[in-house]
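S.K.:
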Amino acid sequence: MIKRILVTGGAGFLGSHLCERLVALGHDVICLDNFFTSQKENVAHLLGRPNFELIRHDVTHPCWLEVDEIFNLACPAAPGHYQYNPIKTMKTSVLGAINVLGMAKRCRAKILQASTSEVYGDPEVHPQTEDYRGCVNPIGPRACYDEGKRAAETLFMDYHRSNKVNIRIIRIFNTYGPRMHPYDGRVVSNFIRQALLGEPITLFGDGSQTRSFCYRDDLVDGMMRLMAAEDDLVTPVNIGNPHEFTIRQLAEQVIELTGSRSELVHRPLPQDDPTQRRPDISLARRRLGWEPKIELREGLTKTIEWFRSIDLRHYRPPTPNFA
Ligand code: NAD
Ligand code: UDP
Numbered sequence: 003m004i005k006r007i008l009v010t011g012g013a014g015f016l017g018s019h020l021c022e023r024l025v026a027l028g029h030d031v032i033c034l035d036n037f038f039t040s041q042k043e044n045v046a047h048l049l050g051r052p053n054f055e056l057i058r059h060d061v062t063h064p065c066w067l068e069v070d071e072i073f074n075l076a077c078p079a080a081p082g083h084y085q086y087n088p089i090k091t092m093k094t095s096v097l098g099a100i101n102v103l104g105m106a107k108r109c110r111a112k113i114l115q116a117s118t119s120e121v122y123g124d125p126e127v128h129p130q131t132e133d134y135r136g137c138v139n140p141i142g143p144r145a146c147y148d149e150g151k152r153a154a155e156t157l158f159m160d161y162h163r164s165n166k167v168n169i170r171i172i173r174i175f176n177t178y179g180p181r182m183h184p185y186d187g188r189v190v191s192n193f194i195r196q197a198l199l200g201e202p203i204t205l206f207g208d209g210s211q212t213r214s215f216c217y218r219d220d221l222v223d224g225m226m227r228l229m230a231a232e233d234d235l236v237t238p239v240n241i242g243n244p245h246e247f248t249i250r251q252l253a254e255q256v257i258e259l260t261g262s263r264s265e266l267v268h269r270p271l272p273q274d275d276p277t278q279r280r281p282d283i284s285l286a287r288r289r290l291g292w293e294p295k296i297e298l299r300e301g302l303t304k305t306i307e308w309f310r311s312i313d314l315r316h317y318r319p320p321t322p323n324f325a
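Structure, rendered in structure tokens:
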């Protein structure tokens, strides 16, 4: 069935790929974005399509649309981006959630929240299962994002319990791929850019902290399956790749795949940087029949290819970052 679907943050890294997939399926797609961390180029190829519309709008302000489904992705996602204006980040998560939930309630639309593994903070439970309540520093530099996303989950659950809004919550673990902002300061974009330019590769701390990297296409596939899942799946669902790597291993793999002569240099570990992260994806496997297909080597190869194809001069560093 063809649906009218709103994607907030639809011009971003994940949002633009989601819009592309939904447009290809024939849905009527409305992409809403304020372009804080993205650019119109990400969706320029969709602009001529009769089933695609682009709206410049900030989710912290109400918006009146009639839709069947909402994917709420609007929020800066990289530490350098979300810490640039932390109060705005919190407003985007909280006011943004209230505005789109109000729309979902009025339209009786199904609505999905892009939450994050950051709700687990610096986890003491490993791998992280959805019932783990997390270890977040509520007053640290990452709190604007972590606590904003936690509050958004609360709002989603309360709109469901109080108003019967049909909700989905996806907890996304580190995802990478083509169309990441090359200056977002995230580890994959930093390392690939640095390797290709022959600049030193910046390892924060000793590089022994771990992350589990999911390729964009796998992630968006999981997100679409969650939206299509049965209506009783109202609890958060982890989506990510359970293969865990140290940040040093990631750097070594990027150097090998790019053939770069860049050297590794150490920089201080940012405050509250999680020491380990790996999703338990049993729930997604069981309820969505989902698991990732693209492993790090293949995904990095595709991402490096994309980074080689772009002209970095077209990308303005939107915020200062540490690299
Ligand atoms: P991104 O920065 O590329 O995309 C976010 C988009 O939201 C951008 O286009 C940005 O301009 C837009 N935006 C920000 N504030 C807005 C506002 N107030 N009003 C309207 N638009 C606004 O990041 P991404 O990686 O594509 O992340 C998409 C979503 O997924 C985010 O909600 C993020 O928190 C979540 N997520 C991503 C990851 C990941 O590893 N990529 C991990 C966990 C969660
Ligand atoms: N990191 C790094 N060098 C960089 C950028 C990041 O060593 O140039 C580290 C960072 O300290 C963290 C990991 O890589 O331990 C992942 O960082 P990212 O900002 O990509 O995501 P998050 O910390 O939100 O998982």
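Just add 2 to wherever you are in the sequence shown, counting from 1, and you've got our numbering. Even for Gly, the Cβ is constructed at its ideal location relative to N, Cα and C.
Where Arg288 and Arg315 are concerned, what is the direct C-alpha to C-alpha distance, given to the nearest angstrom?
M.R.: Counted from its first residue, the sequence shown places residue 288 at position 286. Counted from its first residue, the sequence shown places residue 315 at position 313. Those two C-alpha atoms are separated by around 45 Å.
S.K.: Give the C-beta separation of Asn205 and Ile257 to the nearest angstrom, bearing in mind that I take them to be a contact with Cβ-Cβ under 8 Å.
M.R.: The residue given as residue 205 occupies position 203 in the sequence shown. The residue given as residue 257 occupies position 255 in the sequence shown. As written in the sequence, residue 205 is Leu, which differs from the Asn given in the question. About 12 Å separates the two Cβ atoms, so there is no contact after all.
S.K.: With Arg144 and Glu126 assumed to form a contact (beta carbons below 8 Å), what rounded beta-carbon distance in angstroms separates them?
M.R.: For the purposes of this step, residue 144 is taken as residue 142 along the sequence shown, with counting starting at 1. For the purposes of this step, residue 126 is taken as residue 124 along the sequence shown, with counting starting at 1. Contact flag wrong, Cβ pair sits at about 16 Å.
S.K.: Check the C-beta distance from Leu290 over to Phe193 and give it rounded, since I have them as a contact under 8 Å.
M.R.: As a working note, residue 290 is residue 288 in the sequence shown. As a working note, residue 193 is residue 191 in the sequence shown. Actually they are not in contact, since the Cβ atoms of Leu290 and Phe193 sit about 30 Å apart, beyond 8 Å.
S.K.: Sort out for me which residues DSSP pairs Val9 with in a bridge.
M.R.: Counting from one through the sequence shown, the residue named residue 9 turns up at place 7. BP columns for Val9 point to Cys33, Phe73.
S.K.: Does DSSP classify Cys65 as helix, strand or coil?
M.R.: What you label residue 65 is simply residue 63 of the sequence shown in a count that begins at 1. Coil.
S.K.: Who are the Cβ neighbours of Ile32 in its own chain at under 6 Å, not counting the five residues just before and after it?
M.R.: Position 30 of the sequence shown, counted from the start, is the residue given in the question as residue 32. Same-chain partners within the cutoff: Leu8, Glu55.
S.K.: In chain order, which alpha helix (DSSP H) runs of at least 4 residues are fully inside the region 209-256?
M.R.: Counting only runs of 4 or more, we get 218-230.
S.K.: Could you check which residue in Asn101, Phe215, Glu307 has the C-alpha nearest to that of Cys65?
M.R.: Taking the first residue of the sequence shown as position 1, residue 65 is located at position 63. For Cys65, the nearest C-alpha among the options comes from Asn101.
S.K.: Pick from Ala80, Gln85, Arg280, Ala26: whose alpha carbon is nearest that of Asp124?
M.R.: Reading the sequence shown from its first residue, position 122 is the one you call residue 124. When only C-alpha atoms are compared, the closest one is Arg280.
S.K.: Could you give the C-beta distance for Val69 and Arg6, rounded to a whole number, given that I count them as a contact under 8 Å?
M.R.: Locating residue 69 in the sequence shown gives position 67, counting from the first residue. Locating residue 6 in the sequence shown gives position 4, counting from the first residue. That belief holds up - the Cβ atoms of Val69 and Arg6 are roughly 5 Å apart, short of 8 Å.
S.K.: Assign Ala230 to one of two classes, buried (16 or more other C-beta atoms within 10 Å of its C-beta) or exposed (fewer than that).
M.R.: Taking the sequence shown and counting its residues from 1, one reaches residue 230 at position 228. Looking at its Cβ environment, which holds fewer than 16 other Cβ atoms inside 10 Å, Ala230 is exposed.
S.K.: From this set, Arg195, Ser210, Tyr161, which residue's C-alpha is nearest Arg263's C-alpha?
M.R.: The residue labelled residue 263 in the question sits at position 261 within the sequence shown. Among Arg195, Ser210, Tyr161, the Cα nearest to that of Arg263 is on Arg195.
S.K.: Can Val61 be considered in contact with the ligand NAD, in the sense that its beta carbon sits closer than 7 Å to one or more heavy atoms?
M.R.: Here residue 61 refers to the residue found at position 59 when the sequence shown is read from its first residue. True, at least one ligand heavy atom lies under 7 Å from that Cβ.
S.K.: With distance defined between alpha-carbon atoms, name the residue in Gly301, Thr131, Glu71 nearest to Thr237.
M.R.: For this step, residue 237 is matched to residue 235 along the sequence shown. The option with the nearest alpha carbon to Thr237 is Thr131.
S.K.: If contact is defined by three or more beta carbon pairs under 8 Å, each pair taking one atom from either stretch, is the region 159-175 in contact with the region 104-119?
M.R.: The region 104-119 vs the region 159-175: in contact.
S.K.: On the DSSP bridge assignment, give the partners of Tyr178 in chain order.
M.R.: In the sequence shown, residue 178 corresponds to position 176, counting from 1. Note: Tyr178 sits in a beta bridge opposite Tyr217.
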